[in-house]
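Its first residue numbered 969, the sequence shown is counted upward by one per residue in this note's numbering. Each residue gets a CB set at the ideal place from its N, CA and C atoms; glycine is no exception. Inspection log for the structure reproduced underneath, given as structure tokens.
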Amino acid sequence: MNGPYDYGYWTMAIVMSLVFIVFAFSFTRPKHWRDWRTFGAFAAFIVALFTEMYGFPLTIYLLSGWLTSRYPNLNLFAHDTGHLWQTLFGIGEGNSLAAHFNALHVLSNLLIAGGVILIMSAWRVLYRAHREQRLATTGPYAHVRHPQYVGFVAVLLGFLVQWPTLLTLAMFPVLVWMYARLARIEEHEVRARFGAAYDAYAAQIPRFIPRRGVRYENPGETTAEPVLSSTDLNPVR
């Protein structure tokens, strides 16, 4: 830390922001204005997150008076304090090892890693469906209609569990709403192109939250129309 109110790890903040923004861009390839708007909101979330995680701890600064009064022995601007849920719940108590290997941090890592894996897995299915000119209904799409959006939300939620900030907490519900709205708009486009085949698929498979024991088992109907339109941020459209 370069000073009492500044972590100062700006190179790390820039590198980590670029890693996740480039990752998101490579799997979404925004084309329409609504895609760019959602991608821009995701990028803003990532920049805000890593700016506070490695650059300047704005949330800790704004809450410093309250935190000092409630936790008088807290090393307020130690980097581990930025794991705010752990600080508030008294997990770790200044032990850096405990701060990174407790249940909350493990949950965070699982959400982020699981979200990334889901996004990549869904993209592979979607890409094959595009090449074969059919609707994507296998892999993650056999369980939910919008696995890529579910993956992005899981990544965002994982970061909130690990390093909450006032700005990202405010942005999270807005991003969830944007993904949900975008999903509904794209469903209308897919329905217009695939007709009854998509209706049969949508009638069985939930939009975002999988149901136990529910899996799409009749993909043959989805090849009736030789046109693909994604129900996610299509990386190839």
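*Does the distance from the C-beta atom of His1051 to that of Gln1130 stay below 8 Å?*
yes
*Given 8 Å, three or more beta-carbon pairs between the segment 1013-1029 and the segment 974-994*: yes
*asked:* Using CA atoms only, rank isn't needed, just tell me which of Ile1087, His1068 and Asn1041 is closest to Gln1054.
replied: His1068
*asked:* DSSP three-state label for Gln1130, please.
replied: helix
*What three-state label does DSSP hand Asn1077 in the structure shown?*
helix
*Neighbourhood of Ala992 by C-beta, 6 Å cutoff - its chain only, sequence neighbours within 5 removed*: Phe1010
_Quick check on DSSP: helix, strand or coil for Ile982?_
helix
*Answer yes if the segment 1117-1131 comes into contact with the segment 1080-1089, meaning at least three C-beta pairs across the two stretches below 8 Å, and no otherwise.*
yes
*Buried or exposed: where does Val990 fall if 16 or more other Cβ atoms within 10 Å of its Cβ makes it buried?*
exposed
*Express the C-alpha separation of Ala1168 and Gly1081 in angstroms, rounding to a whole number.*
Reading off the sequence shown, one finds Ala at residue 1081, where the question assumed Gly. So the two alpha carbons sit approximately 32 Å from each other.
*In whole angstroms, what separates the C-alpha of Arg1002 from that of Tyr1039?*
44 Å
*asked:* Report the start-end ranges of each alpha helix (DSSP H) in the segment 1162-1190 that is 4 residues or longer and not cut off at the edges.
replied: 1164-1172
*Exposure of Leu1137, with buried meaning 16 or more beta-carbon neighbours within 10 Å*: exposed
*Counting pairs of beta carbons, one from the segment 1137-1146 and one from the segment 1093-1107, are three or more of them closer than 8 Å?*
no
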